[in-house]
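Converting from the sequence shown to the numbering used here requires adding 109 to each position, the first position being numbered 1. From the three backbone atoms N, C-alpha and C, an ideal C-beta is built for every residue, glycine too. Keep in mind that this is a model prediction, so the values were computed, not measured.
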Amino acid sequence: MSEGPTTRRLGRARDTPMVLVVSPSVSPPWTNGTSVLVRHLAEAGHDFRYHIMGCRGQVAPAARVIVEPIYGDGRQHALLTQARLAARLLRPDGAALHHFFFAPHPRAVSIARTALTLSRRRSVHTVPSPPADDLDLRRATFADRTVVLTEASAISFRQAGVSRVHVIRPAVPVPAEPADPAASRRRTALWLRGPAWGEEPVFLYPGDLEFSDGARVFLDAAELVLAERPDARFVLACRPKTPRAAHVLSELQRRVARWPLRERVTFVGVAPDFAALLGAVTAVVLPVDTLYAKVDTPLALLNAMALGTPAIVSDIPQLSELAGLGDGVRAVPRSDPESTARSMLALADNPTLRRALGEGARRTVATHFAPRAMAAAYEALYRELIDA
Numbered sequence: 110m111s112e113g114p115t116t117r118r119l120g121r122a123r124d125t126p127m128v129l130v131v132s133p134s135v136s137p138p139w140t141n142g143t144s145v146l147v148r149h150l151a152e153a154g155h156d157f158r159y160h161i162m163g164c165r166g167q168v169a170p171a172a173r174v175i176v177e178p179i180y181g182d183g184r185q186h187a188l189l190t191q192a193r194l195a196a197r198l199l200r201p202d203g204a205a206l207h208h209f210f211f212a213p214h215p216r217a218v219s220i221a222r223t224a225l226t227l228s229r230r231r232s233v234h235t236v237p238s239p240p241a242d243d244l245d246l247r248r249a250t251f252a253d254r255t256v257v258l259t260e261a262s263a264i265s266f267r268q269a270g271v272s273r274v275h276v277i278r279p280a281v282p283v284p285a286e287p288a289d290p291a292a293s294r295r296r297t298a299l300w301l302r303g304p305a306w307g308e309e310p311v312f313l314y315p316g317d318l319e320f321s322d323g324a325r326v327f328l329d330a331a332e333l334v335l336a337e338r339p340d341a342r343f344v345l346a347c348r349p350k351t352p353r354a355a356h357v358l359s360e361l362q363r364r365v366a367r368w369p370l371r372e373r374v375t376f377v378g379v380a381p382d383f384a385a386l387l388g389a390v391t392a393v394v395l396p397v398d399t400l401y402a403k404v405d406t407p408l409a410l411l412n413a414m415a416l417g418t419p420a421i422v423s424d425i426p427q428l429s430e431l432a433g434l435g436d437g438v439r440a441v442p443r444s445d446p447e448s449t450a451r452s453m454l455a456l457a458d459n460p461t462l463r464r465a466l467g468e469g470a471r472r473t474v475a476t477h478f479a480p481r482a483m484a485a486a487y488e489a490l491y492r493e494l495i496d497a
């Protein structure tokens with residue numbers, strides 16, 4: 110039996126051009142940054158209808174959006190999903206263009222290139238996260254327009270000989286009011302193991318376990334901070350992305366178990382209420398040496414900043430670029446626990462600085478990462494291709 114698209118229709122115009130967005134499943138629990146990015150685009154879009162790829166029975170996030178159940182019941186059926194996706198890309202549908210969201214790798218690029226050659230569709234490819242270092246970026250480019258999320262990534266593509274590359278920054282909504290840290294800590298206490306937090310400083314690492322050195326550097330810095338502030342707490346909220354994550358996590362847990370203040374560190378995996386956690390902490394800390402397998406401008410950072418939580422990041426190009434866009438982000442040398450610890454202590458010991466950086470963080474997100482601005486930039490690119 111064929112699976113038809115589902116939507117919540119509110120009188121959309123039939124003559125509005127349609128964009129098919131090809132991406133990971135745009136469906137709960139919203140732990141995939143690329144999927145969240147697509148959702149924000151579809152929600153904020155104005156002049157186009159969006160067909161996004163999700164699961165059976167899923168409610169569309171906005172009036173101009175149709176969810177196509179390419180991912181079936183949401184379980185992992187890799188071969189079946191690939192077959193559905195290939196068939197969908199070749200099916201006549203009246204789409205004005207196809208918009209791909211994925212980090213390029215040879216198999217996916219080959220499927221997309223073949224489908225576009227056969228369908229003769231106009232196309233956009235958004236590269237949401239840095240490709241592998243050994244990937245030939247020229248061979249990974251297949252669409253009429255390539256979009257990256259940072260100027261730093263655009264430079265990498267241009268240096269590799271890819272000239273038609275555009276920068277469109279990601280987006281997250283900014284709440285009308287900043288998070289209330291005390292209320293956020295009470296919400297977090299509902300699911301977090303251990304005693305409820307009081308007014309002590311709490312630092313969050315929301316990065317990966319298996320690709321970067323971020324978790325190790327975060328714990329190195331935590332030991333230094335605890336020597337000065339034994340009341341401080343540290344949380345690692347890391348979604349496992351490969352089987353290797355379990356091995357790395359076990360090593361880190363064994364290391365912390367030897368600490369005198371081991372109860373000050375909590376490993377939570379996927380947080381049941383991530384928004385509450387972001388609003389509860391003193392700062393989010395991402396001292397990574399690579400953003401491989403993460404969105405180029407990590408949405409965890411942007412969501413924290415939108416709530417008024419400052420960020421401490423390493424000085425790799427994409428994150429230095431974020432720090433240079435406005436207030437609210439402090440960049441430290443990569444793989445440097447001492448510098449990371451100094452920045453953490455500065456925030457722990459200075460509520461005035463913490464408040465000022467939090468206010469600046471909200472301004473930075475509102476100015477540079479607004480959903481409407483992101484959608485308008487993409488829709489201008491769509492019109493350029495359609496009118497060409």
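Contact between residue 449 and residue 394 is confirmed by a C-beta separation of about 7 Å, below the 8 Å threshold.
Within the same chain, and ignoring the five residues on either side of residue 134 in sequence, the residues whose Cβ sits closer than 8 Å to its Cβ are 141, 144, 162, 163, 164, 179, 180 and 183.
With respect to residue 480, residue 280 sits close: the two C-beta atoms are nearer than 8 Å.
Annotation: residue 372 is outside any beta strand (DSSP E) and is labelled neither H nor E by DSSP. Partner residues in a beta bridge of residue 265, as assigned by DSSP, do not exist. In this structure, the CA atom of residue 200 is about 42 Å from the CA atom of residue 397. Between the beta-carbon of residue 232 and that of residue 252 there is about 4 Å, and that keeps the pair under the 8 Å contact cut. Each of 342, 127, 378 and 373 was checked against the Cα of residue 359, and the nearest Cα belongs to 378. An exposed status is given to residue 495, since fewer than 16 other beta-carbon atoms sit within 10 Å of its beta-carbon. Assignment of alpha helix (DSSP H) within the stretch 211 to 298, counting only whole runs of 4 or more residues, yields 215 to 228, 260 to 268 and 290 to 298 in chain order.
By the Cβ criterion, the stretch 276 to 296 is in contact with the stretch 147 to 161, since at least three pairs of Cβ atoms, one from each stretch, lie closer than 8 Å. When only Cα atoms are considered, residue 206 and residue 262 end up about 24 Å apart. The beta strand (DSSP E) runs of length 3 or more contained entirely in the stretch 422 to 486 are, from start to end of the chain, 438 to 441.
Residue 423 sits away from residue 402, with the two beta carbons spaced by 8 Å or more.
The C-alpha of residue 222 is placed about 27 Å away from the C-alpha of residue 173. Residue 365 carries a helical assignment under DSSP once its states are collapsed to helix, strand and coil. With a 10 Å radius around the Cβ and a threshold of 16 neighbouring Cβ atoms, residue 177 comes out buried. Sorting 362, 320, 209 and 456 by C-alpha distance to the C-alpha of residue 234 places 209 at the top. Within its own chain, the residues whose Cβ lies closer than 8 Å to the Cβ of residue 382, once the five positions on either side in sequence are excluded, are 296, 297, 299 and 300, listed in chain order. Taking each of 407, 334, 426 and 357 in turn and checking the Cα distance to residue 451, the smallest one comes out for 334. By the CB criterion at 8 Å, residue 219 and residue 198 fall outside the cutoff.
The secondary-structure analysis by DSSP pairs residue 414 with nothing; it has no beta-bridge partner. In this structure, DSSP gives residue 177 an extended state, which the three-state scheme calls strand.
258 is the residue among 258, 186, 388 and 474 whose C-alpha sits nearest the C-alpha of residue 212. Boundaries of the beta strand (DSSP E) harbouring residue 394: 392 to 395, taken from the DSSP string. Nearest C-alpha to residue 204 among 288, 125 and 370: 125. Taking C-beta atoms as the reference points, residue 322 and residue 347 fail to come closer than 8 Å.
Distance between residue 236 and residue 432, taken at the CA atoms: about 21 Å.
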